[in-house]
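Asks:
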Amino acid sequence: MHGFSQRFSRLSPGLSRRRGALALAVALAGLAAVGTGAWAQPATFPSKLVTLMVPYPAGAASDFTARALAEPVAKALGGQVIVENLGGAAGAIAANKVLAAPADGHYLFQGSPSELILSGMVNRSVRYRPEDFQLVAPVAISPLVVVVNDKLPARTRDELVALARTRGKDAPLSYGSTGPGTLYHLLGELFARRAGANATHVPYKGGAPLLQDLLGGQIDFAFMPYQAFYADYARQGKLRVIGALSGGRLPAPFEDVPSSADSVSMKGFDFSIWTAYAVKKGTPQPVAERLNAAIESGLANAHARAQLEAQAKTIFQPMSLEAAEKFYRAEIARYRELVRTVGYESP
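Number 244 in this note's numbering belongs to position 234 of the sequence shown; there are no gaps in the numbering.
1) Can you tell me whether F281 is helix, strand or coil according to DSSP?
2) Using a Cβ-Cβ cut-off of 8 Å (strictly less than) and excluding sequence neighbours within five positions of F337, which residues of its own chain qualify?
3) Might you give, ordered along the chain, the residues of its own chain that have their beta carbon closer than 8 Å to the beta carbon of K291, omitting 5 neighbours on each side?
4) Indicate whether the contact test is met: 3 or more Cβ pairs, each with one atom in the region 157-166 and one in the region 126-135, closer than 8 Å.
5) Given that a residue counts as buried once 16 or more other Cβ atoms are within 10 Å of its Cβ, and exposed if not, what is I92?
6) Given a threshold of 16 other Cβ atoms within 10 Å of its Cβ, counted over all protein chains shown, does L301 qualify as buried or as exposed?
7) Using only alpha-carbon positions, find the residue among V158, A202, L331 and P294 that is nearest to G227.
8) Between the region 295-313 and the region 261-270, do three or more beta carbon pairs fall short of 8 Å?
9) Please report the Cβ distance between L331 and E355, rounded to the nearest whole angstrom; I am assuming they are in contact, meaning their Cβ atoms lie under 8 Å.
10) Buried or exposed: which applies to D230, given that a residue is buried once 16 or more other Cβ atoms fall within 10 Å of its Cβ?
11) When you compare only the Cα positions, how much space is there between F239 and R245?
12) Which ranges does the alpha helix (DSSP H) cover as unbroken runs of at least 4 residues, wholly within the region 137-218, from first to last along the chain?
13) Please work out which residues of its chain come closer than 6 Å, Cβ to Cβ, to S184, disregarding the five sequence neighbours upstream and downstream, and give them in chain order.
14) Using only the alpha-carbon positions, how far apart do P56 and N106 sit?
15) Is the distance from the Cβ of D160 to the Cβ of G247 below 8 Å?
16) Assign Y236 to one of three DSSP states: helix, strand, or coil.
17) What separation, rounded to the nearest whole angstrom, lies between the Cα atoms of R346 and L249?
18) Residues in its own chain within less than 8 Å of L225 by CB, not counting five upstream and five downstream?
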């Protein structure tokens, strides 16, 4: 370094200035190159609308979650947050829209294992993989329930199993899901396998149209996230919640609904489903950290929290980006095992 200084000092003033300018230009170019890589410092975030992308039509459980959190998350970010509903292809259409956008954090995908993990594993037409997303923050875990049309002569899960067995191949029970390869579809397949019976799968673009057909008697049963408004339909004699897919009990007025532990033929059939926010892989770390903090702030908001808990959702404890990534990797492995167990193959 000392020798370099001596040589530089012997140059003529004009040449020194020219070489100095050249060195500065090279240095700035290097910084620009670094700025496009992992060390890039993003511009002020958010610099435009942040979209919470919900992969199903309005009115379903996933839409409720997004609308409960949009305002407190926007406040934490100091920007505007909107909810966009885009159903179809078991959530893959919405997922692809997020992945087609720049990796700048302005599109947040509200996903569950069905869209984030299973779609890329089981559907040949889906080109993305679970690893194309980065989990920013998990939100909540929802209990899953078995819901039947009120006219179906089954009041427990064991009675549903017995009814499915008596129907045979000619008139099997039908069940709905939010699309081929979703968790709800795989649960139906696993149920039929465990019951030793046939069941006809009927896919929908979202929970809302599925529920309408269940209420109308077009399908017999479904595995769905618990929602408090099921109580209204139960009082009207339009549906029944006949089982909780967990060892615990549901809130009133469904506190007497049998859990998995109470079932004889379906003991151990324990499942729940989580919701989380994810961004496109490659989103700058500072942006992901900002989103992580804003979502955690939204989940701490008393009003939003009360809305989610009223739906029997268990809110995750705050989780760092590193912890969220570890959780996501473990979940990918868990659902890969479920696919193997069911033996599901994309049509």
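No residue lacks a Cβ here, since even glycine has one placed at the ideal position from N, Cα and C.
Replies: Taking the structure as given:
1) Counting from 1 along the sequence shown, the entry for residue 281 is found at position 271. Note: F281 maps to coil in three-state DSSP.
2) Mapped onto the sequence shown, residue 337 falls at position 327. So the list reads L145, P148 and M329, once near-sequence residues are dropped.
3) As a first step, residue 291 is located in the sequence shown; it is residue number 281 there, counting from the start. Closer than 8 Å at the Cβ level, and outside the excluded window around K291, lie A113, E141, D142, F143 and Q144.
4) no
5) Counting from 1 along the sequence shown, the entry for residue 92 is found at position 82. The residue in question, I92, is exposed, as its Cβ has fewer than 16 Cβ neighbours within 10 Å.
6) Position 291 of the sequence shown, counting from 1, holds the residue named residue 301. Per the 10 Å Cβ criterion, buried.
7) Residue mapping note: residue 227 aligns to position 217 of the sequence shown, counting from 1. For the residues V158, A202, L331 and P294, the minimum Cα distance to G227 belongs to V158.
8) no
9) As a working mapping, residue 331 is identified with position 321 in the sequence shown. As a working mapping, residue 355 is identified with position 345 in the sequence shown. Not confirmed; about 35 Å, so no contact.
10) Taking the first residue of the sequence shown as 1, we reach residue 230 at position 220. Buried.
11) Residue mapping note: residue 239 aligns to position 229 of the sequence shown, counting from 1. Residue mapping note: residue 245 aligns to position 235 of the sequence shown, counting from 1. Taking the straight line joining both Cα atoms gives about 10 Å.
12) 167-177 and 193-205
13) Your numbering for residue 184 matches position 174 in the sequence shown. Result list for S184: T210, V212, I229 and D230, in chain order.
14) As a working note, residue 56 is residue 46 in the sequence shown. As a working note, residue 106 is residue 96 in the sequence shown. Cα to Cα, P56 sits roughly 21 Å from N106.
15) Sequence index remark: in the sequence shown, residue 160 carries index 150 (1-based). Sequence index remark: in the sequence shown, residue 247 carries index 237 (1-based). Cβ atoms of D160 and G247: closer than 8 Å.
16) Mapped onto the sequence shown, residue 236 falls at position 226. If DSSP states are grouped into helix, strand and coil, Y236 belongs with coil.
17) As a working mapping, residue 346 is identified with position 336 in the sequence shown. As a working mapping, residue 249 is identified with position 239 in the sequence shown. So the two alpha carbons sit approximately 32 Å from each other.
18) By 1-based counting over the sequence shown, the position of residue 225 is 215. Answer for L225: N159, Y243, K248 and L249, listed in chain order.
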